[in-house]
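Engineer: Start counting the sequence shown at 201; every next residue gets the next number (the working numbering).
Have a look at this one.
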Amino acid sequence: MNFSERLQMIRKKKGMTQVIVAKKVHITERQYQRYEAGENEPTLSVLLRLADLFDVSLDYLAGRSDSPDRI
Numbered sequence: 201m202n203f204s205e206r207l208q209m210i211r212k213k214k215g216m217t218q219v220i221v222a223k224k225v226h227i228t229e230r231q232y233q234r235y236e237a238g239e240n241e242p243t244l245s246v247l248l249r250l251a252d253l254f255d256v257s258l259d260y261l262a263g264r265s266d267s268p269d270r271i
C-alpha cells in the first residue's frame with residue numbers, strides 16, 4: 201500500500217473528511233486532496249502533524265511498517 205492509499209484509509213477509518221483533516225493540520229483542502237491523489241507529497245512538518253492527528257507512527261504513515269503503534 202502506498203502513502204496516498206494509506207493516508208486515505210486512515211482518514212476514513214478515523215471517520216474524518218478531507219476538509220477536517222486539512223483544517224486540523226493547517227493546510228488547504230486542495231493540498232490534502234493532492235496527497236491522497238498521489239500528486240504531491242507533504243513536507244516533514246505536515247507529515248508529523250498528520251501522524252499526530254491520526255495517532256500513528258511516521259513509519260506506518262509512510263508505509264514502512266504495518267504496525268500503526270508509536271514506539
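Yeah, the Cβ is synthetic: ideal placement off N, Cα and C, and Gly gets one too.
Please classify Arg211 as buried or exposed, where buried requires at least 16 neighbouring CB atoms within 10 angstroms.
Structural biologist: Here residue 211 refers to the residue found at position 11 when the sequence shown is read from its first residue. Label assigned to Arg211: buried.
Engineer: Should Leu244 be labelled buried (16 or more other beta-carbon atoms within 10 Å of its own) or exposed?
Structural biologist: Mapped onto the sequence shown, residue 244 falls at position 44. Burial call: exposed.
Engineer: Taking the alpha helix (DSSP H) that Lys213 belongs to, which residues open and close that run?
Structural biologist: Position 13 of the sequence shown, counted from the start, is the residue given in the question as residue 213. Element bounds for Lys213: Phe203 to Lys213.
Engineer: I need the DSSP call for Ser257, collapsed to helix, strand or coil.
Structural biologist: As a working note, residue 257 is residue 57 in the sequence shown. Note: Ser257 maps to coil in three-state DSSP.
Engineer: Flag Leu244 as yes if its beta-carbon sits less than 7 Å from any beta-carbon of chain D, otherwise no.
Structural biologist: Checking the listed chains, one finds no chain D in this structure; it contains a single protein chain.
Engineer: Return yes when the Cβ of Glu205 is within less than 7 Å of the Cβ of Val219, no when it is not.
Structural biologist: Reading the sequence shown from its first residue, position 19 is the one you call residue 219. Reading the sequence shown from its first residue, position 5 is the one you call residue 205. It is not a contact, given that the beta carbons lie outside the stated cut-off.
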